[in-house]
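Accompanying notes for the structure given below.
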Amino acid sequence: MPGRRLGRRALGRDVHDVAPALLGATLTHAGVTVRLTEVEAYSGAVDPGSHAYRGRTPRTAPMFGAGGLLYVYFTYGMHWCVNVVTGREGTAQAVLLRAGEVVAGHDTAAVRRPGVRPRDWCRGPARLATTLGVDGALSGLDTTAPGSPVVLRAPAEPVDPARWRSGPRVGVAGEGGDADRYPWRWWLDGEPTVSPYRPAKPRAPRPGA
DNA sequence: AGAGTGATTAACT
DNA sequence: GTTAATCACTCTA
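Residue numbering for the first sequence is 51 to 259, as defined by the numbering used here.
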């Protein structure tokens, strides 16, 4: 039994509210449905790591749109990464979808990811995009529109907030303003699909520091 | 640990 | 119009 579809009202909230709410939510495209287990918030105005930090460009234009748009970018010469835009129009916020679990369309997913173990199908943002068949052609799409090829739904079964985990993003701490007040990264504790390279526990100070 | 890859962007002419 | 630096990753070792 699928959850209710997420509309402008749910996705138009502040990115730091929407990000944890997307844990356990599903995204469906081209025959595959993924349940999200790890996301990361980007807020252009206060986030030097955001593509939108230094203003609007043709590529980042969707980030400045209304909550519910898709922002898909290409990086490292071969990878697409999927973001869900949040907030009000003009605020340049988005949630990067980092990891998830395929819950429907296993056959299609297996064709898109030959030779990859199911657990790794969406373990990482570019893998998630590949498995879902999402690329730059979908950037700017309004997922809340009727007939959208990409559909976001609330968790089919409620997620216990006790399973939420969050942490500051590496390398962007201490920029002042909201940047050091909000967690950037959210994941679900105990999920095998969460990207392995993020510490699940507070990390000891750097060796040698 | 390193290579690979190409879109994007700002800084040039 | 051209160029060079950048990039939020994955894969093969």
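Here a beta-carbon is modelled for each residue, glycine too, at the ideal position from N, C-alpha and C.
Quick one: residues in its chain with C-beta nearer than 6 Å to the C-beta of residue i, no 5 flanking neighbours on either side, listed in chain order?
i, result
"residue 158", "81, 82"
"residue 232", "66"
"residue 214", "70"
"residue 11", "Outside the displayed span of the chain (51 to 259) sits residue 11, for which this structure offers no information."
Mapping the DSSP letters down to three states, classify residue i as helix, strand or coil.
i, result
"residue 169", "helix"
"residue 252", "With a pLDDT of only 36 at residue 252, under the threshold of 50, the placement of this residue in the model should not be trusted, and no figure is reported."
"residue 104", "coil"
"residue 135", "strand"
"residue 149", "strand"
"residue 226", "Since pLDDT at residue 226 reaches only 47, below the 50 mark, its modelled position is unreliable, and the value read off the structure follows with that caveat. Coil, per DSSP."
"residue 111", "helix"
"residue 180", "helix"
"residue 186", "helix"
"residue 204", "coil"
"residue 161", "helix"
"residue 97", "coil"
"residue 144", "strand"
"residue 58", "helix"
"residue 67", "helix"
"residue 212", "helix"
Just mark residue i as buried or exposed, buried being the case when its beta carbon has 16 or more other beta carbons within 10 Å.
i, result
"residue 7", "Since the displayed the chain opens at 51 and closes at 259, residue 7 lies outside it and no answer follows."
"residue 161", "exposed"
"residue 156", "exposed"
"residue 102", "buried"
"residue 21", "A query on residue 21 cannot be resolved here, the shown segment of the chain reaching from 51 to 259 and no further."
"residue 139", "exposed"
"residue 55", "exposed"
"residue 121", "buried"
"residue 92", "buried"
"residue 75", "buried"
"residue 107", "exposed"
"residue 175", "buried"
"residue 59", "exposed"
"residue 127", "exposed"
"residue 165", "exposed"
"residue 195", "exposed"
Suppose the cutoff is 7 Å on Cβ atoms and the five residues either side in sequence are ignored; what does the same chain contact list for residue i look like?
i, result
"residue 124", "130, 186"
"residue 89", "69, 72, 73, 145, 146, 147, 148, 236"
"residue 163", "171, 180, 181"
Measuring alpha carbon to alpha carbon, tell me which residue in the options is nearest residue i.
i, options, result
"residue 94", "87, 104, 147", "104"
"residue 198", "51, 152, 57", "57"
"residue 119", "64, 60, 193", "193"
"residue 211", "195, 217, 239", "239"
"residue 133", "151, 86, 164", "86"
"residue 151", "196, 64, 51, 77", "77"
"residue 177", "241, 154, 84", "84"
"residue 52", "163, 64, 196, 153", "153"
Grab me the residues of residue i's own chain with a C-beta within less than 8 Å of its C-beta, minus the 5 sequence neighbours each way, in chain order.
i, result
"residue 23", "Because the chain in this structure spans residues 51 to 259, residue 23 falls outside the shown range and cannot be described."
"residue 62", "116, 117, 118, 136, 137, 138"
"residue 64", "136, 137, 143"
Report yes or no: do the segment 136 to 146 and the segment 61 to 69 share at least 3 C-beta pairs separated by less than 8 Å? Under the Cβ criterion (8 Å, minimum of three pairs), the segment 136 to 146 counts as touching the segment 61 to 69.
Using 8 Å as the Cβ pair cut-off and three pairs as the minimum, do the segment 205 to 212 and the segment 185 to 193 touch? No: fewer than three Cβ pairs fall under 8 Å.
For the segment 107 to 119 against the segment 164 to 181, do three or more pairs of beta-carbon atoms, one drawn from each stretch, fall closer than 8 Å, so that the two count as touching? No, they do not touch.
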